[in-house]
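Heads up: the structure comes next, in structure tokens.
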Amino acid sequence: EQQLRQFGKFLDSHSHLLLSLDGDHSAPERGGTFTKCHTTIDYKYRGNCENISLFQLVESDNKVLNKNIIVFAFLSDEIEYLRKEAERLQLNLLYYDEDVAEGKSDTTPASNVINEKVSTVLEYLCNTRQFLERCNDVLELTVKQFSAFFDDNKCLGNADNSTCFHAISDKMCDLFVSIYIFDEIFGGLRLRQFWNPYKKQMTTVCVNGDQFRDYTDVDLNGLKQMIGDLDVLFQGRLVESALERCVRVKGMVPSKALGHFATQMQAYIKRTLGGVMKYPQDISELGNCQEILRVSVMCIFYHAFFGNLDQKCFKNLLEISNKFCGITLISNIVWCPEVFIRRHAATLLKGHERFVSDANKVRQIFLATKTANLPKEVNSFAFRTLSWTLQMMAEQKMAKSEVKIDQIRVRASLFTTGVKLAGQMSHLIKCVTNLHVIVQQPMQKHTLMNVCKLLELLISIPEVFQHFRTFIVESVNSIIQHFAYQAIYLVNAAKKTLSRDNYNERILDSLAALQIAERCFYGPATRTRINIARIALCVFESNATSLNVEYVEKLMKILERLSLIVDLQDTLNRVCDTSFLFWHQSLFRSYLKQYFDQGIDHQRILATFAGINKCAEGIGECKMVKFTCQEQFIEGVMKTMSREVIMRLCGQIETSLRLDFHSNLQVDAVNPFVRGSMLVNSSALLAVEPIRVADRYVSLRRSVEAYLSNMFYNLTTISLHDWRTYGEMRRLAGLKMNLVTVADHLPTQIIEQGCDVLDIMRNIHVFVAQYVYNLNNQVFIERTSANKHLNTINIRHIANSLRTHGIGVVNTTVNFTYQFLKRKIYVLSQFLYDERIKSRLVKDQKWFRDNRERLGQMYAYERADAFNKGIRKLGITDAGESYLDTFRLLVSHIGNAMGYVRMMRSGCIHTCSMASAFLPSAEERGSLTLSELATNEGLSSATCTSAANLQGDIEHLWRQWSEGTEYFRLLVDTLAPFLRDAKNVHLKTFYIIVPPLTINFIEHILSMKDRMGKKNRQDALFTDDGFVMGLAYILKLLDQIDDFNSLHWFRAVKVKYAADREKIAQQRKEMGTVDDVKLQQTLALTERRIQTFQQEFDLLYYNLSSAKIFFSN
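This is how it looks when you write it as structure tokens:
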């Protein structure tokens, strides 16, 4: 007793733990239940999990009956397996066909395209062909077993009575339907356009086998036979071939057995037709559609096998076909009975030709009726679904440990009702959507909204099952046991009625059948046991009297309910599968567009995305053929979602923030309690958890935050004077909608902003031509301007611009400058490669080497001046400039670019120094770091990590301030190896052209300075240090600084001008006391000119010496 109490306490604690876990997982999430990631119910119960053979299940004293039931049970299981395998093959083929459609073109496909398309699917086609052969073998075997059964002289029971083995007939019809689906798929396959050319190519290969020495005749014959076998798939005769195989058995069957067989098939047809005629209009996919297809297929089989069919049955079949249009076979394949009958039983249509001609009209009328009644049906389904959900909630609250029989029945009814509701809605959605495609009629907006609402209701049913999964799992076993008990009770009652009669062969067969059924009910409820029980009850039904028919009907109903409960999870997944909407993707796009246009509740759009996930999962399960339509489908959904949901939501929120910021400008009064009809609830959408789209997750909140962050940054960058506007909008977004945007960290624009570094960088070729550089003050001055002032750029301007864009732009600027320098140096190389320039430079170089000792190691000023003047003989430009003037401008442009790089580095250091102005120096902070100080204070690990990160940022600032980056060295080291290569020997004489180039520069700068004091100051300058920067940079690139120093050029200039001054002094001395005023003025002007040139040369020497320091090692 103590152990039992402890065990009871353990069970109670375990039950409380499970309830708490269930509460954690099933708690309502923010944004709705449709964003949860789960599978429906999933109580791990499968109807095929029993490992037992048929021989152990089927045991009775009647050995003959045992053998027959075992055979038909095996055939039933085999057909069910083939049907499921057929569905997998069909879906693979349909998805692959969508890939073919994506690559389809209007022109005739090339041979390589044909080979690629067909070879990709060739193995799959062979497998499909073998599978269809297997189906034909099973159908032929089934017909043979039926014939053998009726051929037995000691037939079980009364063969003239009701239907025998109608469960096997159902399976056989299902297999025929699967074969017909293959016919329909191959008939409309886009792969057909590639198959015929491919077949011709392979036929040509087989005929011209002599040209292919690598392949034997056996290989080519095998290829030819394979192509012939596969060609059968595209001829639309698969059902006809299956019927021919079955009819072939007819010749082996005796006439008496054939008569019994015909009687049983006709009884099956009449019985099924009688049940189908009673169906209401709102049929379900759960079994109604299958029954309609079965009776149609069985009528055609009966006509093909026996050669005739009762006209009354055929008329009833036509009435059913007109009454129930739009039955979906699979995905987007719709059942067209007139096509099926005309193709396989054309003789039956004599006198009923209007059935074929009016078929499309009948479908149009049916679709119009369905569309007109759709709002009422949607409201009815919504009411029924809500009522069913409330009943489930009420029943769950009443759940107790001790369950009564009435509660079990109510729960079984509730579970069955939910699945039936899903089946009816699934059929209605497929019927309406596919019929619009068949009759080629566009779907109206109101129809679209109703279909989408039905889709939402359909998706909500598995969500309800998921919400009550614990309740369902606890109830399923009790329901199965209750149904098994009812079945056993009825079997025993039927046995008692048989035991009252005199025992004969018929009663013994019935008792044996009931014994087998009872044995199946005593075990676990598996599909195999249920199937055997049905077959056994069919035997009992064929021998039953009028008193026992009632037991058979009740047992069949119980088996139907038991089968539904056993396969509850698989059945619910099948009827709630929305993967067929993959072929109706425009429905998603249109509905998402209507979401914002009509202000639909956000919960409904979440249900729509659940349906989209079903489509993606359906494609993912089919991988027998390689196709890419899954990625294309997901990308299409993501683009539609981004365009119709995310971007429109972002635009609405942005507009709302702008209106809130400028609310003082609104004249009309705004009612805060009235929301515009065209606006959706932004807060509700932002509260939604990340939405799963196939294998991706989309967060509406994160998308809006990223959009606003990007928008605020870009617009603030474009117009920095509006920084306050976007800052207020950022704060409004955080306060109203709890949106966390990324701070742009852009400084407010100041008056002393100057030109933007990005504009200079993008147009550096224009900048170096329009600005001149001052080396000492490190400032750029505009050459000329239409205004009354000239723009200048100094370090403060660069620093302010760097504060706006960040220090990272410096590296990009240097990269742009490098690209510019490459182009300019190429032009320099072309100038020096010119034969007229190169020959003169080589001549001067050779002359200097030969006369170096005589000249005192100094390059002759006269020779350089002669080069400067003589080059004008080669030609001048339209502006009156010589080639040397153009070359001087080129060197100045290169120097201006280098000066801009220097200024960028100085601005970077200035920015870093300003940023670290309030940070302690190395001497003040000591050896301890922030992380060490935080650790010593015993702070948390997160705080210590943050301190370490801050320390790293501070040290980075110090390094930037103290060291910087040697950009000049980078620009030299990158280009120097190429320019110093032996291939560029023409650059070796560059230092020879420097003396005449300096003379040209001095003349140019003096003429520009002279204009400063004149009224016309066009092109007036007082500095142009870009020339010396460029000269120093080029000399360093070419490694000719020492060569240029060997010319002692500036000393030669001093010597020359000293000699000129001595000549003037000599002339004055010779004049003596002669009073020649004009000569005195001439000598004074000459002396002043010599002094001016000497000063400019000295200034050039000082600046060049300073520039060389930047490139010193």
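Counting in full-length UniProt numbering, the sequence shown runs from 1 upward without gaps. All C-beta atoms, glycine included, are put in the ideal place defined by N, C-alpha and C. For clarity, every value in this text was computed on a predicted model and none was experimentally measured.
Between which two residues does the beta strand (DSSP E) containing E689 stretch? In the DSSP assignment, E689 falls outside any beta strand (DSSP E), carrying neither H nor E.
Would you decide whether Q281 is buried or exposed? Buried here means 16 or more other CB atoms lie within 10 Å of its CB. Around the beta-carbon of Q281, fewer than 16 other beta-carbon atoms lie within 10 Å, marking it exposed.
Here's the rule: buried if 16 or more other CB atoms are within 10 angstroms of the residue's CB, otherwise exposed. What is K312? Around the CB of K312, fewer than 16 other CB atoms lie within 10 Å, so the residue is classed as exposed.
Helix, strand or coil, according to DSSP, for L189 in the structure here? In the structure shown, L189 sits in coil (DSSP, three-state: anything other than H, G, I, E or B).
Rounded separation between A167 and F261 - CA only: Near 15 angstroms, if we compare the C-alpha coordinates of F261 and A167.
Residue interval of the beta strand (DSSP E) (run including T328): From DSSP, the beta strand (DSSP E) with T328 extends over T328 to I330.
Just mark M1071 as buried or exposed, buried being the case when its beta carbon has 16 or more other beta carbons within 10 Å. M1071 should be labelled exposed.
Could you check whether the segment 775–784 touches the segment 826–833, counting it as contact only if at least three pairs of C-beta atoms, one from each stretch, sit closer than 8 angstroms? Cβ pair count under 8 angstroms is below three, so no.
So within the segment 319–385, which uninterrupted alpha helix (DSSP H) runs reach at least 4 residues, ignoring any that extend past its ends? Restricted to the segment 319–385, the alpha helix (DSSP H) segments that are unbroken, complete and at least 4 residues in length are 337–344 and 353–357, listed in chain order.
Grouping DSSP H, G and I as helix and E and B as strand, with all else coil, what is Y279? Here Y279 sits in coil by DSSP.
Please state whether DSSP places T792 in a helix, a strand or coil. T792: strand per DSSP, three-state reduction.
Which residues does DSSP list as the beta-bridge partners of I876? S882, per the DSSP bridge assignment.
What span of residues does the alpha helix (DSSP H) with I781 cover, start to end? Here I781 belongs to no alpha helix (DSSP H); instead the beta strand (DSSP E) covers V779 to E782.
Per DSSP, V772 is paired with what? Answer is I781.
Does DSSP classify R696 as helix, strand or coil? Three-state DSSP puts R696 in a strand.
Starting from the C-beta of R1011, find all residues in its chain whose C-beta is less than 6 angstroms away, skip the five residues before and the five after it, and write them out in chain order. Here the set comprises R1017 and A1020.
Can you tell me whether DSSP reads K117 as helix, strand or coil? Helix at K117.
Just curious, the alpha helix (DSSP H) that residue 1114 is in, first and last residue? This structure cannot settle anything about residue 1114, because the visible part of the chain is limited to 1 through 1113.
Secondary structure at P254, three-state DSSP: helix, strand or coil? Secondary structure of P254 (DSSP, three-state): coil.
6 angstroms CB neighbourhood of G618 in its chain, flanking five on each side removed: Excluding residues within five positions, the ones whose Cβ falls inside 6 angstroms are S579.
Distance between P197 and Q594 (C-alpha atoms, nearest Å): Using only the alpha carbons, I get a separation of about 45 angstroms.
Reducing DSSP to helix, strand and coil, say where Y215 ends up. Y215 falls in the coil class under three-state DSSP.
When the distance is taken between beta carbons, is G1026 closer than 7 angstroms to Y773? In contact: Y773 and G1026 (Cβ atoms closer than 7 angstroms).
Alpha-carbon spacing of residue 1125 relative to T128, whole angstroms: No information on residue 1125 is available, as it lies outside the stretch 1 to 1113 that the chain covers here.
Assuming E140 and V249 form a contact by the criterion Cβ under 8 angstroms, report the distance between their Cβ atoms to the nearest whole angstrom. 6 angstroms between Cβ atoms; contact.
Can you have a look at F366 and say buried or exposed, based on whether 16 or more other CB atoms are within 10 angstroms of its CB? With at least 16 other beta carbons inside 10 angstroms of its own, F366 counts as buried.
Between which two residues does the alpha helix (DSSP H) harbouring P977 extend? P977 -> alpha helix (DSSP H) spans Y967 to L979.
Under the rule that 16 or more other beta-carbon atoms within 10 Å means buried, what is V901, buried or exposed? V901 should be labelled buried.
If N1103 sits next to V1028, beta carbons under 8 angstroms apart, how far is it from one beta carbon to the other, in whole angstroms? So it is a contact: roughly 4 angstroms between Cβ atoms.
Can you tell me whether Y489 is buried or exposed? The criterion is at least 16 other CB atoms within 10 Å of its CB, across all chains shown. It counts as exposed.
Ordered along the chain, which non-local residues of its own chain (more than five positions away) have a Cβ less than 8 angstroms from that of N332? For N332, where only same-chain residues beyond five positions count, the Cβ hits under 8 angstroms are L94, N434, V437, F580, W583 and H584.
Using 10 angstroms around the beta-carbon of Q1040, count the other beta-carbons present and answer buried if the total reaches 16, otherwise exposed. Q1040 is buried by the Cβ-count criterion.
Per-residue burial, M398 [other beta carbons within 10 Å of its own, 16 or more giving buried]: Note on M398: under 16 other CB atoms within 10 angstroms of its CB, so exposed under the neighbour-count rule.
Output the distance between the C-alpha atoms of T272 and T204, rounded to the nearest integer angstrom. One Cα belongs to T272, the other to T204, and the distance between them is close to 52 angstroms.
Express the C-alpha separation of A148 and residue 1118 in angstroms, rounding to a whole number. With the chain running from 1 to 1113 in the structure shown, residue 1118 is simply not present.
I need the DSSP call for K1063, collapsed to helix, strand or coil. Here K1063 carries a helix assignment [DSSP, helix/strand/coil].
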